[in-house]
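Residue numbers (our numbering): 146 to 289. All C-beta atoms in this analysis are idealised placements derived from N, C-alpha and C, irrespective of residue type, glycine included.
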């Protein structure tokens, strides 16, 4: 193989690498408090809209009432996809740091934070699909 063929082959291999996030959107509700005789099952997946933004800190949002709800996210929307009926999703993304929200009507929802107050952060690594669990805002409170 000559040098040009090697470069083309390596470029194609990098292009074909799958990377991004995948997971399930769930709506937690009911009793999730573990006890010796009761092991709560994870809630089943639900249809939802997943929104991936550039990494977003708390100061880059507009809060909307209850904790975890936002009327606006002021960073760049990278991708928005709907899950399948069982809540599963798969989003190809370039390597980088992102924030993942679910959307309900015109509101965005996410509750997880890191130590720098970034909302629902996820780091996509080259050639890796990162598993993400998303919660969907619910009118029925979960008990932990």
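In terms of alpha-carbon separation, which member of the options lies closest to residue i?
i	options	result
residue 290	201, 170, 197, 249	No information on residue 290 is available, as it lies outside the stretch 146 to 289 that the chain covers here.
residue 231	168, 254, 190	190
residue 165	173, 254, 244, 211	244
residue 199	233, 277, 276, 267	267
residue 238	213, 211, 224	224
Since residue i contacts residue j with CB under 8 angstroms, what's their CB separation in whole angstroms?
i	j	result
residue 279	residue 170	4 angstroms
residue 226	residue 249	Residue 226 to residue 249, Cβ: 15 angstroms. No contact.
residue 257	residue 265	5 angstroms
Could you give the distance in angstroms between the alpha-carbon of residue i and the alpha-carbon of residue j?
i	j	result
residue 194	residue 228	6 angstroms
residue 273	residue 202	24 angstroms
residue 251	residue 270	30 angstroms
residue 167	residue 262	23 angstroms
residue 192	residue 233	8 angstroms
residue 259	residue 253	18 angstroms
residue 219	residue 206	6 angstroms
residue 163	residue 216	32 angstroms
For residue i, which residues does DSSP report across the bridge?
i	result
residue 259	None; residue 259 has no bridge partner.
residue 170	279
residue 244	198, 266
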